[in-house]
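Asker: Next up is a structure, given as structure tokens.
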Amino acid sequence: MRTTTPTADPIQVQATCRALFAQLVASGVSHVAVSPGSRSTPLTVAVDRTPGITLSMHLDERSAGFFAMGLARSSRRPVALVCTSGSAAANYLPAVVEAFHSGVPLIVITADRPPELQGRGAPQTIDQTGLYGSHIRWEHQADVIGSEPPEVTVRLAALAVERSLEPVPGPVHLNCPFREPLEPPTCDPPPTILLAAPAATRQPAQNDVGMLKALLSREKGLIVAGPMDLDTRGKAAVSELATAIGWPIIADPASGPRRGPHTTHSPVMSCGDHLLAAGMADDHQPDVVLQLGGMPTSRAYRLWLERCEVERVVAVDHTGRFPDPSFAVTDRVACGPAELAAALAPVTEQRGSTEWADRWLDADSAAAATVAGLVASAPFDEPGVAVALCQAMPGGANLVVSNSMPIRDLDAFMPLDQRPLDVYANRGANGIDGQVSTALGVAAGSDAPTLLFTGDLALLHDLTGLVAGRRLGVDLTVVVVDNDGGGIFSFLPIAAESGIDHDRLFHTPHGLDLGHTASLAGATLDRVSNRADLDLALATSLGHPGIHLVHVRTSASTNVGLHRNAAAAVAETLGGMNP
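Residue numbering for the sequence shown is 4 to 582, as defined by my numbering.
The structure is reproduced here in structure tokens:
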């Protein structure tokens, strides 16, 4: 006898879905990024009918995932994702991985086939349980939607948001099976009683404060600020702590402290990578390193930790990373760097400027002058683009920088500036995918002008993001430095191996005219080859409505030479200074 396939009650299904999204709103979620699909029909309709939610439609789930991540970072609120079953859900994985390693709260809601259709060859049906593996903070396999009262789903939604924020922020996964019929009723379901959102608690433990208070009493200390999304208050807290204790800050470009009014009086440095590579830090070793946030971009920092004997290296991170590839970290503090700095400020000695700090700051000032002079006299290439962007970005703007060379160009050449600037980089897994979509999300979550500084391969990895920008109504300027391939591989030792076809195996030139992507995306196009043209292109695109592509042809060999020349020039400058 043939088994009768169970069917759904559309009214009960829609009541459950509406309760789900109503509770997400009550818990602080205001945006849901949806990709179209059949099995997710009840979810999509419920999102669209829920007050308090902004819905954005995305044709590509991979792009949608990175868009949601960028939006969550700039808005500082969890963002939800909705897609249908099968490979659609699998395409969220790259963004989920990055969000996990960067500590970005995402609520991933995937539709699924009901249990009776699993393992029977039903279309768009895969095993979605544990789909994201270990790259998730929490996951839940829901019962068939509509089989339980909406009150159960309310508690589930509240828990999903809570687990995306505490104790460690990151992505969570809610897998929702649906039976047919999928079409919702025309009537609205009755409202469900919602739960209040719990208050976030991310304060440092008292024993950690006591331990750090003792360490901060030492004069010879160094703060190393890695990538982290600090708001204005957080940047001020970190800089005020450094000013009070007299410890210099080596600031990664994506850490925050390199830009803002605090740079006029706090001991923040812009040339930390050069100082570490030149050996200055070997001669002036600290007793304590306070490492904040993610792992700095600087390779010189890792190598310095490996060859030096710093007594205490304290990693402060609320995302659970505590990066330690050099096996040098001695203490781990699970707390937001800004919250820790604020808690330490009133209990630490107000030491102020010291001879120890002055040596570091004098060296940084000399290195910065050397680097600026070299860029000003050098051929126009990626370092010149990086400096021009930093000088053109208005106060309060957003700069999204892609991985591979652009983030390293910023680290080596980004000067200090009193104007605030929020710099975003996907430094969790350090991949080049999803860069344009991340920038679109950052722009969607902010009223400030947003610019993406990217390489050519990273742009090609996310063309679906580029073409989505106009349809989403987001304003974004994209500056692509195009060296026709993977320029970063020219820095590797294998580039000099005579028996290796480096150009074919590693640089991998694509031979494309990326300017043609502008018409595909409905974007304006500026082709520039010098600083004056770049300044003009930025003046007419940054903060203006629409998508704008600024295409800059560069040379991998020229960029390698400029980076090495800068390192050599800084080493010579510092070598001539008094010890």
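We put the CB at the ideal spot given by N, CA and C, even for glycine.
On a predicted model such as this, the values are computed, not experimentally measured, just so you know.
Spell out the partners DSSP gives M272 in its beta bridges.
Answerer: M272 pairs with I253.
Asker: What separation, rounded to the nearest whole angstrom, lies between the Cα atoms of L306 and F24?
Answerer: 48 Å
Asker: Could you compute how far the alpha carbon of A217 sits from the alpha carbon of G296?
Answerer: 21 Å
Asker: State yes or no: is the C-beta of L177 within less than 7 Å of the C-beta of H143?
Answerer: yes
Asker: Does the separation of the CB atoms of A318 and R335 fall below 7 Å?
Answerer: yes
Asker: Starting from M60 and walking both ways along the beta strand (DSSP E), at which residues does that stretch end?
Answerer: 57–60
Asker: Tell me the DSSP secondary structure of Q144 in three-state form.
Answerer: strand
Asker: Output the boundary residues of the alpha helix (DSSP H) element that contains H554.
Answerer: That residue, H554, is in no alpha helix (DSSP H); its beta strand (DSSP E) goes 550–556.
Asker: For the region 356–421, which segments carrying the alpha helix (DSSP H) assignment without a break, of at least 4 residues, lie completely within its bounds, in sequence order?
Answerer: 358–380, 385–395, 408–416
Asker: Rounded to whole angstroms, what is the Cα-Cα separation between R52 and S105?
Answerer: 32 Å
Asker: Only counting the same chain, and skipping five residues up and downstream in sequence, which positions put a Cβ closer than 6 Å to that of P180?
Answerer: D115, P117, V147
Asker: In chain order, which alpha helix (DSSP H) runs of at least 4 residues are fully inside the region 171–251?
Answerer: 209–219, 235–248
Asker: Quick check on the burial criterion: 16 or more other C-beta atoms within 10 angstroms. Buried or exposed for P193?
Answerer: exposed
Asker: Taking only beta-carbon atoms, is Q144 less than 7 Å away from chain B?
Answerer: Among the protein chains of the structure shown there is no chain B, as only one such chain exists.
Asker: Quick check for students: name the residue ranges of the beta strand (DSSP E) that lie wholly in the region 417–451, counting only runs of 3 or more.
Answerer: 424–427
Asker: Roughly how many angstroms lie between the CA atoms of G249 and L469, to the nearest whole one?
Answerer: 45 Å
Asker: If I'm right that D538 touches A395 with Cβ under 8 Å, what's the distance once you round it to whole angstroms?
Answerer: 6 Å
Asker: How would you write the range of the alpha helix (DSSP H) that A540 sits in, first residue to last?
Answerer: Annotation: the continuous alpha helix (DSSP H) that includes A540 extends over 534–542.
Asker: Leaving out the 5 sequence neighbours to the left and right, which residues in its chain are closer than 7 Å to A284 when beta-carbon positions are compared?
Answerer: L278, W307
Asker: Return the CA-CA distance between R302 and S33, expressed in angstroms with no decimal places.
Answerer: 38 Å
Asker: If contacts are defined as beta-carbon pairs under 8 Å, then P230 and S258 qualify, I think. What distance do you get, rounded to the angstrom?
Answerer: 6 Å
Asker: Determine the direct distance from the alpha carbon of V390 to that of E183, and round the result to whole angstroms.
Answerer: 57 Å
Asker: Assuming the contact rule is C-beta atoms closer than 8 Å, V553 and V482 should be a hit. Round their C-beta distance to whole Å, please.
Answerer: About 4 Å; that satisfies the 8 Å criterion.
Asker: Please list, in chain order, all residues of the same chain as A247 whose beta carbon is under 8 Å from its beta carbon, the five residues on each side excluded.
Answerer: Short of 8 Å from the beta carbon of A247, and not among the five residues preceding or following it, lie these beta carbons of its own chain, in chain order: A348, T351, E352, Q353, R354, G355.
Asker: Measuring straight from C-alpha to C-alpha, what distance separates S150 and A11?
Answerer: Approximately 8 Å, taken between the alpha carbons.
Asker: With respect to the beta strand (DSSP E) encompassing Q294, which residues constitute its N-terminal and C-terminal limits?
Answerer: 291–295
Asker: DSSP three-state call for R354: helix, strand or coil?
Answerer: coil
Asker: Alpha carbon to alpha carbon, how far is L197 from V157?
Answerer: 6 Å
Asker: For P256, which residues in the same chain have their Cβ closer than 6 Å to its Cβ, ignoring the five residues on either side in sequence?
Answerer: Closer than 6 Å at Cβ, skipping near neighbours: L413, D414, M417, V426.
Asker: Determine, using beta carbons only, whether A18 and P188 come nearer to each other than 7 Å.
Answerer: No, these two residues do not count as a Cβ contact at 7 Å.
Asker: Whole angstroms is fine: what's the gap from Y304's alpha carbon to V171's?
Answerer: 26 Å
Asker: Would a C-beta distance cut-off of 7 Å place G472 and L479 closer than the cut-off?
Answerer: Going by C-beta atoms, G472 is nearer than 7 Å to L479.
Asker: Taking the continuous alpha helix (DSSP H) assigned at C20, which residues delimit it?
Answerer: 13–29 is the extent of the alpha helix (DSSP H) around C20.
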